[in-house]
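The structure appears below as structure tokens.
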Amino acid sequence: MRNAGERIIYKNNGFKAGVTLEQLESLQELGRVQEKLEALEGPSEASDAALYGLLSRVVEFRKALLYQKAAIDLAQAGGGWINSAEEKLKLSIVATSGAYKAEGFEAFAAYVKTEAFLKDVPPNLLKLLQPKDDGFRLDIMSWPKEQLRFAAVLKDKFGYRLGFRTGDALRSVDGKPIGDLYELRAIIKENLGKTVRCVVWREGKEKNLDLKIPKELPKDSLG
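Residue numbers 73 to 295, in our numbering, belong to the letters of the sequence shown in order.
Structure representation (structure tokens):
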């Protein structure tokens with residue numbers, strides 16, 4: 073298995089030697105996130121505005137990553153770090169400056185894995201990304217991947233108090249694999265007042281969590 077920081081040659085999509093697996097995965101993941109955000113429909117003008125704001129930021133991040141990819145391609149095609157490659161790199165830094173305070177692929181990859189990412193996510197959008205039919209929120213934002221992974225867990229909110237953390241990949245709940253937040257919320261609602269065993273992948277290893285679900289849904293998770 074390749075290390076995330078190992079330099080690889082990836083010829084599909086125009087990538088060449090010098091791109092790390094983490095950089096490649098970040099760009100691919102951003103594409104999936106952008107598609108999901110573009111497919112959402114906000115229930116109000118406020119939510120629409122919040123969705124548009126985050127979508128714009130995702131688009132800018134993708135633009136920055138593409139500029140960096142172009143810089144690598146130009147440098148290799150020209151046999152060295154030529155002026156046009158330098159210009160592309162500068163454009164990528166500009167695209168991730170200001171609100172993002174990022175300087176490249178690694179900075180972005182680290183940024184989306186931390187709770188600092190939440191500062192750029194409007195509260196209305198977090199609510200928009202939550203399933204609403206169960207009548208409560210976990211205040212968790214997840215990425216669309218094969219395994220349910222938490223991109224953001226709001227500190228001190230319901231999901232956080234249950235024991236989930238930003239970056240967790242949910243392996244199973246009560247011995248069963250969970251595919252999305254709808255399933256997780258349904259299990260919580262069915263087990264009010266009970267303790268449910270949960271397995272997550274955290275910091276490179278499996279961790280058992282005993283979810284002590286309250287008898288009643290907390291007030292700050294409703295509405």
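Backbone N, C-alpha and C define an ideal beta-carbon position, used for all residues, glycine too.
What does the alpha-carbon distance come out to for the pair residue i and residue j?
i	j	result
R209	S293	5 Å
E275	K287	31 Å
D228	P249	25 Å
L242	R257	13 Å
Does DSSP classify residue i as helix, strand or coil?
i	result
G114	Only weak support exists for where G114 lies, its pLDDT of 49 falling under 50; the coordinates are left without a value.
L283	strand
F236	coil
L256	helix
Checking the sheet assignment: what are the DSSP bridge partners for residue i?
i	result
E278	W273
A241	R221, W273
K248	V245
F230	Its beta-bridge partners do not exist; DSSP assigns none.
L289	According to DSSP, which records beta bridges pairwise, L289 is partnered with nothing at all.
L294	F208
Would you grab the beta carbon distance between residue i and residue j for me? Rounded to a whole angstrom, and I think it's under 8 Å.
i	j	result
S244	V271	5 Å
D240	R269	The pair is not a contact, with the Cβ atoms about 15 Å apart (cut-off 8 Å).
G235	L281	4 Å
P290	F222	The Cβ separation is near 18 Å, so there is no contact.
T267	K284	5 Å
Can you check whether the C-beta of residue i is within less than 8 Å of a C-beta belonging to chain D?
i	result
F208	No chain D is part of this structure, which consists of one protein chain only.
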